[in-house]
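Protein chains: 2
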Amino acid sequence: MSPLNKRVTIKDVAKEAGVAKSTVSRTFNAGESVSPVTKEKVLRIATQLGYSPNPLAQALSVSSTKTVAIVIPNMESIHISQVTRGVINTLSKHGYSVITVDTSENFGMQTSVHKPLANQLVDGIINCYASANDEIKQLSLMKPVVCIGDKPDGYEADYVGIDYEQGYHRLCHYLKEKNKNNICLINGQRDRYAVGRSEDFQRIARSLGLSMVDEWVLYANWTPYSGYQAMQELLCREEKKPDVVVCASDMVALGALKAINNAGYRVPEDIAICGMDDSMISKYTIPSLTTLKFSPYRLGKKAAEVMLERLKNKDLVRTEHVMSVDVEKRNSVSRDEDHLEQWKGENDE
Amino acid sequence: MSPLNKRVTIKDVAKEAGVAKSTVSRTFNAGESVSPVTKEKVLRIATQLGYSPNPLAQALSVSSTKTVAIVIPNMESIHISQVTRGVINTLSKHGYSVITVDTSENFGMQTSVHKPLANQLVDGIINCYASANDEIKQLSLMKPVVCIGDKPDGYEADYVGIDYEQGYHRLCHYLKEKNKNNICLINGQRDRYAVGRSEDFQRIARSLGLSMVDEWVLYANWTPYSGYQAMQELLCREEKKPDVVVCASDMVALGALKAINNAGYRVPEDIAICGMDDSMISKYTIPSLTTLKFSPYRLGKKAAEVMLERLKNKDLVRTEHVMSVDVEKRNSVSRDEDHLEQWKGENDE
DNA sequence: CTGTTAGCGCTTTCAT
DNA sequence: ATGAAAGCGCTAACAG
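Respectively, the protein sequence lines represent chains B and R. Read in the working numbering, the first sequence has 151 at position 151, and its numbers run on one by one without any break. Each position in the second sequence, counted from 1, maps to that position plus 1000 in the working numbering.
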């Protein structure tokens, strides 16, 4: 914080180079016509003076900040941080900055999203899992938003999501094949979306002849602890146990696994278990975790690409994309599934 | 993107209310003198017109954006995302927005940090774990930066960190008490800082009479996979095994745990293991993980507070803070440590 | 190709 | 208490 208290502006460069401000501006904006010799001179003087354009002034002038916001419910979820990285990486490759707004919903804080996003501060908004729907709805009138994971609720926006139905189909097929007929479902946070997905799952399971009683549909909150609790509660009941417990995330599954283990049951022999996400940890639980796999990174990437399109052309029709889901078969459902080759590197892009 | 293409500005409000722009400005900036009746009128008209100040113009005028950046090496690390949340939460409570810049170093991408941070776009920078040191060094001449985790290298900045030495001391004491005398260390990414910490650890361990041979100092890269690999490599060697493996993070420990398990050894009887972070998962591994505990959230919070101070007063002397570290005793070192009460909620602030 | 002139939307003297 | 005017640093017509 010492010397450069006086910022050097376009004006300084102009004066020093003996040209007009606009000429300096042009040399810095590719695609403008300026003679090679003046350009050279301006550039020289500029670096010599240590000039670089002030993005703020720039932005005010063209009313675009070249930054988009991604608003997320909680960055501590591995899944979400991967989505976010996908967004950030792709967007920055195209010269955009991204500002991450964490509403911390899972922590009951519901921080307001409006201030950082209002007005010209961002060119567009990527809304991850319906984070701050009400505020976003309002903002969607002024700038493009694309939704990830949960469809826009009551406003216009592009959508990038996951083909849950397909995933559920595949998973249920696999479970049936392995003779896991009585299914328990531990969902994430109970909200409109989770309930919807849960119903989808039940419908699909039943259509394949699997059994899903209502008492075995539980809700957790994405943490291992919540999975542990839900599972423990289930095990205390004096009923027969499910053949398999399907969890809404790997973290929930991790907790459930622990509860089963503590209670002295064996996985998968007594109770099988599935996660969702194929996160970093799923290969390393004991036993390794069968999980529904899709790439959060690619989800984010796709959303970023959609945003880029939309930014280029506001008048495009609303789009929807869904990504496919695979069953990653590991030991937590059936012992014979683990292969040594699976132990190779982390998937990255 | 429908109606509001024409933004309503201060001018519109002024005209409609029959006052000058400056008056409108004043009513919106607390602490300015404006008569109650005009203030009321302006406010009424403003909401009626749907006016809200344009932060960009505001920023250009006062040359402060009320936003600070946090640059992080990789948000997929639970630890780092928690630090980040600490920063974001505290800063937003004070009216600041924060923009998160992920350099994705661990992915070898080294995205440039300069563009989004240059010039007036942010008022200050929080540099997490020496993420983009060279660029930050340059920027530190123009605006305050506070470093988290690793001290500023070659530039002036405040520092908030962890009292590793204290943590190592406590851990080593505990290990000695449990008779784990031969220690293996699996560090994070090999860099100047990791090497330094590793040397600290060795020094401290030895000073307590514990054994740490050089061949048992390994480097991983924070992922479970890297921990798995390192551990596997270690187990292949035809030597005696360490009594305990201390890992640089819980994720690394998770991988190591799996490797030990796969190789047919028991934890902690044959080989004990420690993590670092006390992350979400550490209670749920099997066995549960003994780990060095400090609150990343509070680390971030503290950094944010320091930044707030610095923003208020540029001329403060450089400060340094370190946070204390505790050993969280669980089953992966000694079976008798787990208590049922430990299974309660996740720690949050 | 380059200079001139207006703004972008707000804050801030400086008068009144 | 309020208005007028200058300016933050840049871009964007419009003339030449």
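Each residue gets a CB set at the ideal place from its N, CA and C atoms; glycine is no exception.
Here the C-alpha atom of Val-8 of chain B lies approximately 14 Å from the C-alpha atom of Arg-44 of chain B. A contact between stretches requires three or more CB pairs, one per stretch, nearer than 8 Å, and the stretch 249–264 of chain B fails this requirement with the stretch 296–304 of chain B.
In the assembly as shown, Leu-121 of chain B is a buried residue. Its beta-carbon has 16 or more other beta-carbons within 10 Å. When the Cα atoms are used, Thr-100 of chain B and Lys-1240 of chain R turn out to be separated by approximately 49 Å. For secondary structure counted as the beta strand (DSSP E) over 3 or more consecutive residues, the stretch 224–251 of chain B holds these complete runs in sequence order: 244–247. In this structure, Asp-123 of chain B sits away from Thr-84 of chain B, with a CB-CB distance that is not shorter than 9 Å. If you ignore the 5 residues before and after Lys-178 of chain B, its C-beta comes within less than 7 Å of the C-beta of Val-333 and Ser-334, all in its own chain and listed in chain order. In the three-state scheme derived from DSSP, where H, G and I count as helix and E and B as strand, Met-276 of chain B is classed as strand.
Judged by DSSP secondary structure, Glu-1328 of chain R falls within the beta strand (DSSP E) whose first and last residues are 1326–1328.
Closest in alpha carbon position to Ser-1052 of chain R, among R:Glu-1199, R:Lys-1011 and R:Val-1062, is R:Lys-1011. For the stretch 1047–1060 of chain R, the beta-carbon criterion of a distance under 7 Å to any beta-carbon of chain B is satisfied by Ser-1052, Asn-1054, Pro-1055, Leu-1056, Ala-1057, Ala-1059 and Leu-1060. Interface with chain B (9 Å Cβ-Cβ cutoff): Thr-1285 of chain R is included. Within the stretch 82–102 of chain B, those residues whose Cβ lies closer than 7 Å to any Cβ of chain R are, in chain order, Gln-82, Thr-84, Arg-85, Ile-88, Asn-89, Ser-92, Ser-97, Ile-99, Thr-100 and Asp-102.
Considering only B:Lys-293, B:Ala-17 and B:Asp-270, the residue with the shortest C-alpha distance to Thr-47 of chain B is B:Ala-17. For Thr-1084 of chain R, no beta strand (DSSP E) run applies; the uninterrupted alpha helix (DSSP H) run containing it begins and ends at 1078–1093, by DSSP.
Ranked by Cα distance from Gln-1082 of chain R, the first of B:Asn-74, B:Glu-328 and B:Leu-185 is B:Asn-74. In chain order, Met-280 and Ile-281 make up the part of chain B whose C-beta sits under 8 Å from the C-beta of Met-1251 of chain R. Following the DSSP letters along the chain, one finds Leu-299 of chain B inside the alpha helix (DSSP H) bounded by residues 296–312.
Chain B has no Cβ within less than 9 Å of the Cβ of Ile-1273 of chain R.
For the stretch 1216–1229 of chain R, the set of positions with a beta-carbon nearer than 9 Å to some beta-carbon of chain B reads Thr-1223, Pro-1224, Tyr-1225, Ser-1226, Gly-1227, Tyr-1228 and Gln-1229 in chain order. Within chain R, the residues placing a beta-carbon under 7 Å from that of Gly-255 of chain B are Tyr-1284, ordered along the chain. Interface annotation for the stretch 1121–1137 of chain R against chain B: Leu-1121, criterion Cβ-Cβ distance under 9 Å.
For Asn-261 of chain B, at least one C-beta of chain R is nearer than 9 Å to its own C-beta. Under the three-state reduction of DSSP, Lys-1178 of chain R is assigned to coil, being neither helix nor strand. For Ile-148 of chain B, no CB of chain R lies under 9 Å from its own CB, so it is not counted at the interface with that chain. Here the stretch 242–253 of chain B does not lie against the stretch 306–318 of chain B, with fewer than 3 beta-carbon pairs under 8 Å apart. From the beta-carbon of Met-75 of chain B, the residues of chain R found nearer than 7 Å are Met-1075, Ser-1081, Thr-1084 and Arg-1085. Residues of chain R whose Cβ lies closer than 9 Å to the Cβ of Lys-39 of chain B do not exist, since the nearest Cβ in that chain is about 21 Å away. For Thr-1027 of chain R, the uninterrupted alpha helix (DSSP H) segment begins and ends at 1021–1028.
Within the same chain, and ignoring the five residues on either side of Ala-1130 of chain R in sequence, the residues whose Cβ sits closer than 6 Å to its Cβ are Asp-1150. Just so you know, the alpha carbons of Ala-205 of chain B and Leu-316 of chain B end up roughly 38 Å apart. Look at Ser-1334 of chain R here: in three-state DSSP terms it is coil, with no helix or strand label. Going by C-alpha positions, Arg-1192 of chain R is about 45 Å away from Asp-163 of chain B. Per DSSP, Ile-271 of chain B lies in no alpha helix (DSSP H) and is assigned neither H nor E.
With a cut-off of 8 Å on Cβ pairs, the stretch 90–99 of chain B is not in contact with the stretch 268–280 of chain B, counting fewer than three such pairs. Only exposed fits Gly-1031 of chain R, as fewer than 16 other CB atoms lie within 10 angstroms of its CB.
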